[in-house]
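Reviewing the structure listed below.
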Amino acid sequence: MLKNITGGIFAVVGAIALTIIAVHRNEPVNALWIVTAAVCAYLLGYRFYAAWIAARVLSVDSSRATPAERHDNGRDFVPTHRWIVFGHHFAAIAGPGPLVGPTLAAQFGYLPGTLWIIAGAVLGGCVQDMTILLLSTRRDGRSLGQMARDELGPLGGFAALIGTLLIMIILIAVLGLVVVNAMKHSPWATSTVFATVPIAILVGFYLRRWRPGRVLEASLLGVALVLFAVISGGWIDGNPVLRAAFDFPPVPLAAFVIVYGWLAAILPVWLLLAPRDYLSTFLKLGTVAALAIAIVLMHPQIRMPALTAFVDGTGPLFGGKVFPFVFITIACGAVSGFHALVASGTTPKIIATEGDVRLVGYGSMALESLVAVMAIIAATLLDPGVYFAINTGAGIVGAAPEAAVHTITGWGFPVTVEQMQHLAGEMGESTLFARTGGAPSLAVGMASIFGSTFGRGLLSLWYHFAIMFEAVFILTTLDAGTRVGRFMLQDFLGHIWKPMGRTSWYPSVLITSALVVAGWGYFLYIGVIDPNGGVNILWPLFGIANQMLAAIALCVATGIIIKSGKARYALVTLVPLAWLALITSTAAWQKLTSADPRLGFFAAANDLAAKLSSGVLPPDKAAVAPQLIFNQRLDAWLTLFFLAVVWFVILDMARVSIRYLRGLPVSGSSEAPYQVSRSTIP
Amino acid sequence: MTLRNLWRWLRTATGDDAYERYVEHRAKKHPGEPLLTRAAFYEESQRRKWGGVSRCC
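Those sequence lines, one after another, are chains A and B. Just so we're aligned, residue 1220 is where the first sequence starts under the working numbering, counting upward by one. Just so we're aligned, residue -9 is where the second sequence starts under the working numbering, counting upward by one.
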């Protein structure tokens, strides 16, 4: 009864907040209404929809022993308190994705992105995470690929594996590009990010040699050192000699990231990866909490219009209309297929009872979605002119500041060179023009939120703290992703030549790591030399890939639900699956066939080739043109491959489901047999 | 929630007390059998943690 009353209150408050967001046109809306609408939607979704799915669709049964209870070994299988599992799972799924995507999608205005983040999470992303978590928990913590193989067939499993590997490559490349763009010609940012490497190694030795396993004290030491590195970055920036030593153009920075990625993948995990992850997790949770508090205290006005003219596909950050591209650009925060890998990895092995999957699966994703909402607030509270000046590549608005502000003001978003110079001075940077990739504009947004809440005099510190914070956990994702890619490649090559499959055989480690790094390093390098900033090509490719992985995960879930005799409830996963199939296929089709060189890969390649052969390109652009042409064609084939893989899995799922519904034999369920939980024995 | 509970929660959430819990588990389920040292347990748990997908985008 009480729960229904509180549910009713959330529904009313949420409806009021949404109405205010929707009817506020031509006057600024307060960010607090967006936060209120989002939180109410998550609470309602959690209270009613998730509870209904858990009870009816998934038949969550707390009397059934989980793998953690059945295999309890004190190491990887450990029954753990649900709030601790929640913390672990949230730390695992929340990466830089929900910060970058919403920032880029703000070019359409604040409304499309915000609505998609909320609706996509409540009806799609949270459902996917919770469903896959339960299905894997029922199957001894089997991975998504294994479940696809067991429940659909060997080809479905293979498609999931290849899809994952390629997404990883694209993801790391685009994240590397975000870091490089944030560090280029910024001695403060570069020195701070560089300093995190020796700090992580120091913490690594502390945890391994000096005080083994004392995570809290080591992390505290590391976080203190990293904060000191942010402050001392300001001193380095003020010293002409040191300043020059850390002032790099993008290509050497990309080379640094590539070499770093390879070293991080071949060194023992305790030395670099594990300690860096402790630091990034603490920083991440602390910053997200501080950001939430600051947004509530500051309750800023949103200055970006609800919809901009760029919904027609002429946007400067990336080409393509609001449908389907807002749904592609914001993957993490709404629906992220990658989460299905985490939900079928470590988490199902520590869940104490099936009843916890709603909090851990649905709840963690709702919180990540809230992080994405905060990111879109940080991007849209900026003056729109400033937002576009930071995020638009020199290839679009011109390299000269005067030309850039002229073009951007012409779009209806007034901005001046003086305003940009003043802002750059406040943030402790020489310039903020054409800092594409999302991280710098997010950092400016976060700095203004933190600055107005916790002290305005420290704007440059807040800015570089935000840059360092993003860079640290981007580099963690980069390390961890390279390693996962390597394991997959080793597994794959092991089928061809046995020794390559041995994860501890050093030659295999060196070669497969180098192959994975070469894969993302190539895309990173092309992104860096691209005069339009590179993110405009790579981020949509990553979004398409990530949403397609979600489609694969939802296929596995739908197939299992139908095979369990609950076809009438399969709409719960079938509707998000149909939506993802529609948007990814539409986006992929447009990327392949559009005649607009800003949208279509082939059109862009042909356009550049024509310009190159007619000799209208300036020498610096002509020098890199052949590589860009090749890359656009490669991206096109890659998109086509993703499209083929996802439709292949969808058809495989349909085949299995139709066979089941017609009463024909299908592969049996791979569920572990029911065993009563000790917790229910009196 | 008392301060003491909060501290215990924080230690468990971060994995700070993972070794103590491992020792406790072994004493209860496998008494008398050999134990890993603190350093070896830490290294093994890190290797296992990073052997699969444990971080996302």
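All residues carry an ideal CB built from backbone N, CA and C; glycine is no exception.
Item, Value
"Inter-stretch contact at 8 angstroms, needing at least 3 Cβ pairs: the stretch 1753 to 1761 of chain A / the stretch 1386 to 1394 of chain A", "yes"
"Cross-chain neighbours of A:Ala1619 in chain B, by beta carbon under 7 angstroms", "None at all; the shortest Cβ gap to chain B is about 35 angstroms."
"Sequence-distant residues of its chain with Cβ nearer than 8 angstroms to A:Leu1498 (five each side left out)", "Thr1415, Ile1418, Ala1419, Val1422, Ser1438, Gly1441, Val1442, Val1445 and Val1691"
"Option nearest A:Pro1750 by Cα separation, candidates A:Leu1827, A:Leu1334, A:Tyr1893 and A:Gly1778", "A:Leu1827"
"Of the residues A:Val1835, A:Leu1697 and A:Leu1435, the one placed nearest A:Ala1483, counting alpha carbons only", "A:Leu1697"
"Beta-carbon proximity check, A:Thr1628 vs A:Val1636, cutoff 8 angstroms", "no"
"Opposing strand residues paired with A:Ala1284 [DSSP bridges]", "A:Thr1572"
"Residues that DSSP places opposite A:Asn1249 in a beta bridge", "A:Gln1520"
"Contact set for A:Ile1748: own chain, Cβ-Cβ below 6 angstroms, skip 5 residues either direction", "Val1843"
"Three-state secondary structure assigned by DSSP to A:Val1554", "coil"
"Rounded Cβ spacing between A:Gly1819 and A:Lys1830 (contact assumed at less than 8 angstroms)", "Rounded, the Cβ-Cβ distance is 16 angstroms, inconsistent with contact."
"Partner residues on chain B for A:Val1703, Cβ-Cβ distance less than 8 angstroms", "Gly42 and Val43"
"DSSP beta-bridge partners of A:Val1488", "None, per the DSSP bridge assignment."
"Interface partners of B:Thr2 on chain A, CB under 9 angstroms", "Thr1299, His1300 and Ile1303"
"B:Glu14 classed as buried or exposed, judged by whether at least 16 other C-beta atoms fall within 10 angstroms", "exposed"
"Min CB distance B:Glu33 to chain A below 8 angstroms", "yes"
"Residues that A:Val1895 bridges to, as DSSP identifies them", "A:Arg1283"
"DSSP-derived helix/strand/coil call for A:Thr1299", "strand"
"Whole-number beta carbon distance between A:Ser1281 and A:Ile1722, since they are thought to touch under 8 angstroms", "According to the sequence provided, residue 1722 of chain A is Thr. The question's Ile does not apply to it. The pair is not a contact, with the Cβ atoms about 37 angstroms apart (cut-off 8 angstroms)."
"Partners in chain B for A:Gly1314, counting only beta-carbon separations shorter than 8 angstroms", "Arg45, Cys46 and Cys47"
"Chain B contact for A:Leu1435 (CB, 8 angstroms cutoff)", "yes"
"7 angstroms Cβ cut-off: residues of chain B touching A:Asp1295", "Arg38"
"Chain A residues whose Cβ lies nearer than 7 angstroms to that of B:Arg(-2)", "Chain A residues near B:Arg(-2): none, gap ~10 angstroms exceeds 7 angstroms."
"CB of A:Phe1861 within 8 angstroms of CB of B:Cys46, strictly", "no"
"Span of the alpha helix (DSSP H), counted from its first residue to its last, around B:Tyr32", "Arg28 to Lys39"
"Residue-chain proximity (A:Ala1378, chain B), Cβ-Cβ < 8 angstroms", "no"
"Chain A contact for B:Arg(-6) (CB, 8 angstroms cutoff)", "no"
"Contacts that B:Gly5 makes with chain A (C-beta to C-beta distance below 7 angstroms)", "Val1434"
"Between the CA atoms of A:Gly1740 and A:Ile1477 - distance to the nearest angstrom", "6 angstroms"
"Per-residue DSSP class, three states only, for B:Glu14", "helix"
"Assigned secondary structure, A:Pro1884 (DSSP; H/G/I helix, E/B strand, else coil)", "coil"
"A:Asn1610 (DSSP reduced to helix, strand or coil)", "helix"
"Span of the alpha helix (DSSP H) around A:His1641", "Val1636 to Met1646"
"Between the CA atoms of A:Ile1780 and A:Ala1786 - distance to the nearest angstrom", "7 angstroms"
"Residue interval of the alpha helix (DSSP H) (run including A:Cys1774)", "Val1754 to Lys1782"
"Range of the contiguous alpha helix (DSSP H) that encloses A:Gln1326", "A:Gln1326 -> no alpha helix (DSSP H), and no H or E assigned at all."
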